[in-house]
Each structure stands twice: as structure tokens, then as C-alpha cells.
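S.K.:
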Amino acid sequence: MIILSPTEKEDGEPHNSSTSSFPPPPPSHPAIQYGSTTITSPPRYAQTRRPTTNITYSFVQDQDIPNSMILKPPPYFEGHFAPYWIGVNMNCFTPSSYITTIKRGARDGDLVGDFELGIATMKKPTVCIRGNEYLLNDVVEANHKLFRNSWVYKLPEKERSITLCWDEESNNGTKSCFLSSKDRTVANLLAKFLVPTHPRKQGRPQEHTRLEITPHGYDFLDDIIMSVLVLERLRTTPSVVDILSKTLHLPSPRNKRAFLI
Numbered sequence: 001m002i003i004l005s006p007t008e009k010e011d012g013e014p015h016n017s018s019t020s021s022f023p024p025p026p027p028s029h030p031a032i033q034y035g036s037t038t039i040t041s042p043p044r045y046a047q048t049r050r051p052t053t054n055i056t057y058s059f060v061q062d063q064d065i066p067n068s069m070i071l072k073p074p075p076y077f078e079g080h081f082a083p084y085w086i087g088v089n090m091n092c093f094t095p096s097s098y099i100t101t102i103k104r105g106a107r108d109g110d111l112v113g114d115f116e117l118g119i120a121t122m123k124k125p126t127v128c129i130r131g132n133e134y135l136l137n138d139v140v141e142a143n144h145k146l147f148r149n150s151w152v153y154k155l156p157e158k159e160r161s162i163t164l165c166w167d168e169e170s171n172n173g174t175k176s177c178f179l180s181s182k183d184r185t186v187a188n189l190l191a192k193f194l195v196p197t198h199p200r201k202q203g204r205p206q207e208h209t210r211l212e213i214t215p216h217g218y219d220f221l222d223d224i225i226m227s228v229l230v231l232e233r234l235r236t237t238p239s240v241v242d243i244l245s246k247t248l249h250l251p252s253p254r255n256k257r258a259f260l261i
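Residue numbering for the sequence shown follows the UniProt record's numbering, beginning at 1 and increasing consecutively.
(1) Quick one: complete alpha helix (DSSP H) runs, 4+ long, within the UniProt domain "DUF6593" (98-235)?
(2) Bridge partners for Tyr57 per DSSP, in chain order?
(3) Starting from the Cα of Arg49, find the closest Cα among Leu234, Val230, Thr214 and give me that residue.
(4) Let me check understanding here. Comparing Cα to Cα, which of Glu168, Pro66, Gly79, Val186 lies closest to Val195?
(5) CB-CB under 8 Å to Glu78, same chain, minus the five flanking residues each way: which ones, in chain order?
(6) Measuring CA to CA, which of Glu212, Val60, Asp223, Tyr84 is closest to Asp110?
(7) What does the Cβ neighbour count give for Tyr153, buried or exposed, with the cut at 16 atoms within 10 Å?
(8) Just the C-alpha distance for Ser68 and Lys192, rounded to the nearest angstrom, thanks.
(9) Give me the Cα-Cα distance between Cys92 and Ile225, rounded to the nearest whole angstrom.
(10) Just the Cα atoms here: how many angstroms apart are Asn54 and Pro95?
(11) Thinking C-alpha only, which one of Asp183, His80, Asn188, Arg200 is nearest Phe220?
(12) Could you tell me which residues DSSP pairs with Tyr84 in its beta bridges?
(13) Pick out whichever of Val127, Ser180, Asp222, Pro238 has its Cα sitting closest to the Cα of Arg104.
(14) Considering only their Cβ atoms, is the gap separating Leu229 from Thr100 smaller than 8 Å?
(15) So Leu136 and Leu155 are supposed to be a Cβ contact under 8 Å. How far apart are they, rounded?
(16) Please report the straight-line C-alpha distance between Thr197 and Lys175, rounded to a whole angstrom.
(17) Run the CB neighbour count on Asn172, radius 10 Å, all protein chains shown included, and call it buried at 16 or more, exposed below.
(18) Could you pull out every residue in the same chain whose Cβ sits closer than 7 Å to the Cβ of His216, ignoring the five residues on either side in sequence?
(19) Nearest-angstrom Cα distance between Val112 and Cys128?
(20) What do you reckon, are the CB atoms on Pro97 and Trp166 nearer than 8 Å?
(21) Suppose you measure from the CA of Thr185 to the CA of Cys177; what does that come to, to the nearest Å?
(22) Let me make sure I understand the geometry here. Which of Thr56, Pro51, Arg235 has the alpha-carbon closest to that of Asn149?
(23) For Pro74, is the classification buried or exposed, using 16 other Cβ atoms within 10 angstroms of its Cβ as the cut-off for buried?
(24) Since I believe Leu211 is in contact with Ile76 (beta carbons under 8 Å), could you give me their beta-carbon distance rounded to a whole number of angstroms?
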């Protein structure tokens, strides 16, 4: 038996691969930029490897790109779990509104989504994840009490509905994320958002804002990152009422953010 080389014809002449009878591949669908391998379905969290222990990521400033930071795992996990790149840009049509973009791996990595939020009263805040955009009011619901604040982040997606509950037991920004608002136990804990506890000081290592992810939390990692960034923006962004009250020395009403409070 004679086995022909793939680069030769039966008559011994070289085969020109450029004249292959196979048709050219079809163009890429825009959904591919969201990390999806198919057109009809978004990326599945089941493809993400689960660690066997909690992993604490750190928010570190990107020294190469202005107005951006990197959510990176510890050095001994960098080869196993991808970082997230986070960038902020101004909306050119509405300069008082800013767009936060989240990508997996690097600036040119898979697009996770983005959200837009500012102090503009005519521009409604939005969240876009896995190619689907929602009004922020339809995704985040807040419940503020005297000593405890909580938020419910819910996406009504067709494949499955995702509901995350964030609890803030103090006013310093530290939050815990649970899969259900009814069962807030350690067994149901997905993540913790930890803010620095002390200012920078010479001779002491800088403390970064951190995000601790449990093994179960890796099933919802994209939504955990998106939701906590939205909540931090809400916590630290002044409203128009705040600015006017401080400028005109007026008392600030309690319902200054009625749309989320």
C-alpha cells in the first residue's frame, strides 16, 4: 500500500493548498466578542474551573492604561485563573456620565459587559452583560435599614435567572454576596468585597481593595464582579441633589436616590 503525502497528488505533482475545494470559513458573529462559542447561547459558567479553596483577588491600578485597573488573583494562581481588566471612559454625549467596561484576561480579551452611570438626570443608568442591556432600575433593588444595607441583583435571562444578594453590615463598603436573599449562611456565601482598613503609610505595604471568591462563587464570577462594581459606583457617586445641597448650603433630603433607595 502506498500512502500519498497530503501535499502531493496521485501523479506526483505538488498540491496547491490555496486551490482547496473547501469553502472559506464564515465571518465571526458579534456574539463571539462576549466569549461565546455559539451564536445562540451566552458563555456558560460551567466551563470555569472551580478551585478547592477561596481565592482573594486584588484590584490593582493598570500602570500602562489610564483610568483602568486589573482584578488579579494571587501570583501562585495567575496561570490558572484569568484576571479581569476594568476601564472607565466618559460618555462624549453626556460628559457627566461614565461607562465602565469589563473584559476577561486583558484589555483585548473577551468582553464581559459594561455599565453606565452618572449624575445626569436625563440619562438613565444601564447595565449590559453577555450582550443584553437592561435599565439599572430593573436589575438592582436596594433595601436600606438603620444598621444594615442590602441589594438584590437580578438578571431575567432566558437560559437561567441569576439572583445575587449583597449585604453591607457597616458603612465602610465591605459587603458579602449570597446566592439567595433568604438563605444568607456561610454555606451559601459566594464572595466578599473587602475595602482597605487603613491609609497608606511609609514602611507598610499598601492594602488594596480585594474580592474574595468562594469555590461556589466561580459559577457566577462575571455577575459578581459586575454587580459589586455597580454597587461601589452607586455608593461613591454623588447625586445632583448632593452637589446642589453642598453648593447652596441646603439640607440634603433623605430620598436623594429614590430610584434605587
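By construction, the Cβ of each residue, glycine as well, lies at the ideal position given by its N, Cα and C atoms. Note that the structure is predicted; figures quoted are calculated from it, not measured.
M.R.: So, from the data block:
(1) Residue ranges of uninterrupted alpha helix (DSSP H) with 4 or more members, entirely inside the UniProt domain "DUF6593" (98-235) and ordered along the chain, are 136-139.
(2) Answer is Leu211.
(3) Of all alpha-carbon atoms in Leu234, Val230, Thr214, the one lying nearest the alpha-carbon of Arg49 is that of Thr214.
(4) That would be Glu168, whose Cα lies nearest to the Cα of Val195.
(5) The answer, listed in chain order, is Lys72.
(6) Check the Cα spacing between Asp110 and each of Glu212, Val60, Asp223, Tyr84: the tightest is with Tyr84.
(7) With 16 or more other Cβ atoms within 10 Å, it is buried.
(8) Their Cα atoms are separated by approximately 22 Å.
(9) Straight-line Cα distance between these residues: approximately 25 Å.
(10) Note on geometry: alpha-carbon atoms of Asn54 and Pro95 lie some 39 Å from one another.
(11) If you compare the alpha carbons of Asp183, His80, Asn188, Arg200 with that of Phe220, the shortest gap goes to Asn188.
(12) According to DSSP, which records beta bridges pairwise, Tyr84 is partnered with Leu71, Arg104.
(13) Here the closest residue by C-alpha is Asp222.
(14) Yes, the Cβ-Cβ distance between Thr100 and Leu229 is below 8 Å.
(15) So it is not a contact: roughly 12 Å between Cβ atoms.
(16) Cα to Cα, Thr197 sits roughly 13 Å from Lys175.
(17) Burial call: exposed.
(18) Excluding sequence neighbours, His216 sits near Leu190.
(19) Approximately 9 Å between the Cα atoms of the pair.
(20) The amino acid occupying residue 97 in the given sequence is Ser; Pro does not appear at that position. For the 8 Å CB-CB criterion, Ser97 and Trp166 do not form a contact.
(21) Straight-line Cα distance between these residues: approximately 10 Å.
(22) It is Arg235 whose Cα lies nearest to the Cα of Asn149.
(23) Under this definition Pro74 is an exposed residue.
(24) Looking at the sequence provided, one finds Tyr at residue 76 rather than Ile. Incorrect: roughly 17 Å between the Cβ atoms, too far for contact.
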